[in-house]
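Engineer: One structure is given below, represented as structure tokens, and several questions about it will come after.
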Amino acid sequence: MTTLLPGWKEVLDKTPQPAAPDFTKQLARLPKKTSKYLEAVTFVDSDEGLDAMVQLACEKPIGWIGFDTEFTYDRPPVIVKKREVVDVRSVHPLLLSISLVEPVIPDSWKVYQFVVDVRQRDLARRLTPLFQLAVPFVAHFARAELHCLWQLQLPEPHILWDTWVAEKALYLGLYNLNDQEMKYISDTEEADHWQSAKVAELIRYSLVDTCRRYDVPYGLAQDKEQLQQSFLQHDENDPFTPQQIDYAALDATAAASLFLPQVTAATRASTLEHLIQIEMPWTVVNARIMWNGVRIDPAMRERVAQAGPVLLPELERKLKELGIGNYKSHPQLQRYFESRNLLHAFSKKGGYSFDKDQIKNLKHLDPAIPLLIEAKRIHSLTSDMILTPAFDGPDGRVHADHKQLAADSGRNSCRHPNLLGLDRTMRPLIVPDVGHGIGEVDLSQIEIGVSAAVYGDERLTDMFNRGDVYSAMAQLFFADNLPPEDVVLAGAAFKKKYSKMRDQMKTCTLGIIYGLTPHGLSPRLSVSLQEAESLQRRFMDLFPTLEKALKDASHYGGLRGYAATHSGLRRYRSSTAKISNWESNWLRNHPVQGSAADVFKAAGIRLDKLYQQYAARLIIPVHDAFVFEAPIEHLLMVAQLTARVMCEAVQERFPQLRPQCEINIDHSECWNKDGMALALQEWCDQALKAA
DNA sequence: GAAGAGAGCGCC
DNA sequence: AAAGGGCGCTCTCTTC
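In terms of this note's numbering, the first sequence opens at residue 1 and continues consecutively.
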């Protein structure tokens, strides 16, 4: 439950809800509340009661089923940045509420409401046949419900509709303002309204807010927070109050009541197909990835944590001798370089910057610079959140928070700790269970392939299909600087021989597609502005179809107010003002990044099912790569399966592409990048030797 | 004293 | 007017 700062509640109550997209406004015309049996909540705490409920569900022509769980946690939360972080594996289900919906011709329905005391695990297990019914199961933020079901050793439903996920998709990108826009609006009379909208964004996906948007009645909104709390503190053996039971039933019924209006809204927004094909099944996979967690080598974790205190003091001492007391302080760095008459070398955008890209080419200027870079690096590594032992769950694994649709592009994000952003040198901290191995399969250069496909550029498609697209690009661009035989060198060989050239082209190719201007290109390539301009011109001249399609993406997207992925997930603009550079860029980017995410999730959905035959598990989804854990004897098979399924997922949607996957199972004793499994070990050894 | 902004850096 | 998209995390410095 989101808690607002003092005073904000009043502001919000006074502030009208931000304007919703058109499609929701028309929902008021749909039949509203017609449930006849809302008042009859049946509490189930016996085998007979439970069997009667299951029997009713089987003999009635049920349309869909709303469900919800009330739970507590068996262990206290970890405090991260003043916020409480609970481990999912410690979830302790108390009540499971079930609302069976029986549609009645022409436009009403009956709702049979049940609340099951699932503290008795034997009782809970009798629910299995219910969850095997071939009807949609509807829940709000179903991830929590799935974790409860798995804790109770119940199967997840075959068909799932998550009203939170649907809502998230239907409003993707709305009311997210970037810094510039915030500054702009804070100078206008609309500031208060927008500030409120910004805060309102935090709570708009709650069940209560969602019900309000769809005119679905929600009776206990005022008491919701207090009732939720009551379950967290509920004693294991205490009976539940009638109000607690009603509240549990209400949440399941509210979710069920949202189903039809939300499906209608999704249809109007052309997002229904995406939700059914991709997002809803991915909810299950995402929940399972979280449930699976990752094992972290405790000994190695400790050694890395110790390396910081060993290595840093010496560097800090040297920096202090030079006159830098705190290398993390921007003003101190500014003062230091000013005293050396070097400050001009760090100027950037009217100020001064000491970031790595800016200073890595200035190492020769001052002895402090290499020390700075190394100190920053060691500090960054050894303060990584992954080193927090308290994240270990009751099963000895770390269950990070994998957030679905967290990015406006449709990508997942991850936190507590952020496994997706884990520094590659730290990856070997993640190790498999005994008798298992870890592997990774990634889709090579998928964003280029998807760009070529969604923007319909045959030439770019051909280059992608030929193999290493960045090598091909580099061979085109640097043709004059290469010996003739290397201009036609095979992709893999070129990649090896001219890795730097290729890396530059990787940055530039993606950058140009996503709106990099000559002003941004020139420093990245270390060429003059004029050269960058001509380079970009040459690039675009090679791909006229792409250039046109990119322009259209910004133009039409700006006019209609959204960009869409291949399967129909939209990212909306927050305003109807003149299109900004930033918007223009993400309107071009979303169809690519978002469609790549579509494909990736589709592959994950299939893998989650197919892995069962090998007792394998998905453990980390890294945007275009899956990290998995499997019994050693099945590791190769699972890797090959993963590669096949990921390539097929691309080809099913973009048949013109010939995607390639890279398999990494060479050092299955830990997660690693490019087989660099020993680097961390060596780094620690070095540190401890120095001590 | 705590929250937020900004800079910086890691990942794709 | 700024100058490529999407994230999360840590630290410093400012502000209320």
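Think of the CB as a built atom: it goes at the ideal place given N, C-alpha and C, for glycine as much as any other residue.
Given a cut-off of 7 Å on the beta-carbon distance, is the pair Ala616 and Phe628 in contact?
Structural biologist: Contact flag set, yes.
Engineer: Tell me whether Asn237 is buried or exposed, calling it buried when 16 or more other Cβ atoms sit within 10 Å of its Cβ.
Structural biologist: The residue is exposed, with fewer than 16 neighbouring Cβ atoms inside 10 Å.
Engineer: Just to confirm, is the Cβ distance from Ala287 to Arg411 under 7 Å?
Structural biologist: Contact: no.
Engineer: Would you mind working out which of Leu422, Ala643, Ala474 and Arg75 sits nearest Tyr611, comparing C-alpha positions?
Structural biologist: Tyr611 has its Cα closest to that of Ala643, out of Leu422, Ala643, Ala474 and Arg75.
Engineer: Classify Arg618 as helix, strand or coil using the three-state DSSP reduction.
Structural biologist: First, the amino acid is wrong: residue 618 is Leu here, not Arg. Looking at Leu618 - three-state DSSP - the assignment turns out to be strand.
Engineer: Got a sec, what are the start and stop residues for the alpha helix (DSSP H) Asn664 sits in?
Structural biologist: Asn664 -> not in any alpha helix (DSSP H); beta strand (DSSP E) instead, spanning Cys661 to Asn664.
Engineer: If contacts are defined as beta-carbon pairs under 8 Å, then Asp468 and Ala492 qualify, I think. What distance do you get, rounded to the angstrom?
Structural biologist: At roughly 6 Å, the Cβ-Cβ gap stays under 8 Å, so Asp468 and Ala492 are in contact.
Engineer: Are Leu127 and Leu154 close, meaning C-beta to C-beta below 7 Å?
Structural biologist: Their beta carbons are under 7 Å apart, which means Leu127 touches Leu154 by this criterion.
Engineer: When the Cα atoms are used, what is the spatial distance from Arg268 to Lys495?
Structural biologist: Distance between the alpha carbons of Arg268 and Lys495 is about 47 Å.
Engineer: DSSP on Lys578, reduced to helix/strand/coil?
Structural biologist: Three-state DSSP puts Lys578 in coil, outside helix and strand.
Engineer: From this set, His519, Arg524, Ala549 and Met540, which residue's C-alpha is nearest Gln530's C-alpha?
Structural biologist: It is His519 whose Cα lies nearest to the Cα of Gln530.
Engineer: How is the alpha helix (DSSP H) around Thr283 delimited, first residue to last?
Structural biologist: Met280 to Asn292 is the span of the alpha helix (DSSP H), which, as asked, contains Thr283.
Engineer: Just the C-alpha distance for Pro261 and Leu172, rounded to the nearest angstrom, thanks.
Structural biologist: Taking the straight line joining both Cα atoms gives about 18 Å.
Engineer: Below 6 Å CB to CB, which residues in the same chain sit around Val650 once its five sequence neighbours on both sides are set aside?
Structural biologist: Answer for Val650: Val599, Leu657 and Pro659, listed in chain order.
Engineer: I'd like the list of long-range same chain contacts for Tyr205, defined as Cβ closer than 7 Å, with 5 residues on each side in sequence excluded.
Structural biologist: Excluding sequence neighbours, Tyr205 sits near Trp164, Glu167 and Lys168.
Engineer: CA-CA distance, Asn664 and Met637?
Structural biologist: So the two alpha carbons sit approximately 13 Å from each other.
Engineer: Buried or exposed for Tyr556, going by 16 or more other Cβ atoms inside 10 Å?
Structural biologist: So Tyr556 ends up on the exposed side.
Engineer: Is DSSP giving Lys224 helix, strand or coil here?
Structural biologist: In this structure, Lys224 counts as helix in the three-state DSSP scheme.
Engineer: Quick check on Leu419: does DSSP put it in helix, strand or coil?
Structural biologist: Of the three classes helix, strand and coil, the one that applies to Leu419 here is helix, per DSSP.
Engineer: Work out the CA separation of Gly63 and Trp109 for me, nearest whole Å.
Structural biologist: If you take the alpha carbons of Trp109 and Gly63, they lie about 9 Å apart.
Engineer: Taking the alpha carbon of Lys506 as the point to measure from, which residue in Glu485, Phe477 and Ile619 has its own alpha carbon closest?
Structural biologist: That would be Phe477, whose Cα lies nearest to the Cα of Lys506.
Engineer: What does a CB cutoff of less than 7 Å around His566 pick up in its chain, not counting 5 residues either side in sequence?
Structural biologist: The answer, listed in chain order, is Val454, Ser595, Asp598 and Arg653.
Engineer: What first and last residue would you give for the beta strand (DSSP E) that runs through Thr72?
Structural biologist: Trp64 to Tyr73 is the extent of the beta strand (DSSP E) around Thr72.
Engineer: Contact check, Cys684 vs Val431 under 8 Å by CB: the rounded distance?
Structural biologist: Contact flag wrong, Cβ pair sits at about 15 Å.
Engineer: By Cβ distance, which residues of its chain are closer than 7 Å to Leu587, with the 5 residues on each side in sequence left out?
Structural biologist: Cβ neighbours of Leu587 beyond the five flanking positions: Ala553, Ser554, Gly557, Gly558 and Ala563.
Engineer: By DSSP, does Trp109 sit in helix, in strand, or in coil?
Structural biologist: Trp109 falls in the strand class under three-state DSSP.
Engineer: Quick check: what's the CA-CA separation for Ala390 versus Asp74?
Structural biologist: In a straight line, the C-alpha of Ala390 is about 15 Å away from that of Asp74.
Engineer: State the DSSP-derived secondary structure class of His147, mapped to helix, strand or coil.
Structural biologist: Helix at His147.
Engineer: Less than 8 Å between the CB atoms is what I'm expecting for Cys661 and Ser471, so what's the real figure, rounded?
Structural biologist: At roughly 18 Å, the Cβ-Cβ gap does not stay under 8 Å, so Cys661 and Ser471 are not in contact.
Engineer: Mind checking who Gly351 pairs with in its DSSP beta bridge?
Structural biologist: According to DSSP, Gly351 bridges with Lys348.
Engineer: Mind checking who Ser339 pairs with in its DSSP beta bridge?
Structural biologist: None, per the DSSP bridge assignment.
Engineer: Leu50 and Val41 look like a contact to me (Cβ under 8 Å); what is the Cβ gap, rounded to whole Å?
Structural biologist: Contact flag wrong, Cβ pair sits at about 15 Å.
Engineer: With respect to 6 Å, is the separation between the Cβ of Leu618 and the closest non-hydrogen atom of the ligand SAM below this value?
Structural biologist: With respect to the ligand SAM, the structure offers nothing, as it holds no ligand at all.
Engineer: Report yes if the C-beta distance between Arg415 and Asp401 is below 7 Å; otherwise report no.
Structural biologist: Their beta carbons are under 7 Å apart, which means Arg415 touches Asp401 by this criterion.
Engineer: Kindly indicate the opening and closing residues of the beta strand (DSSP E) around Ala474.
Structural biologist: Unbroken run through Ala474 is the alpha helix (DSSP H), Val469 to Phe477; no beta strand (DSSP E).
Engineer: Using only CA atoms, which one of Leu535, Arg213 and Gln132 lies nearest to Ala265?
Structural biologist: With distances taken between Cα atoms, Ala265 lies closest to Arg213.
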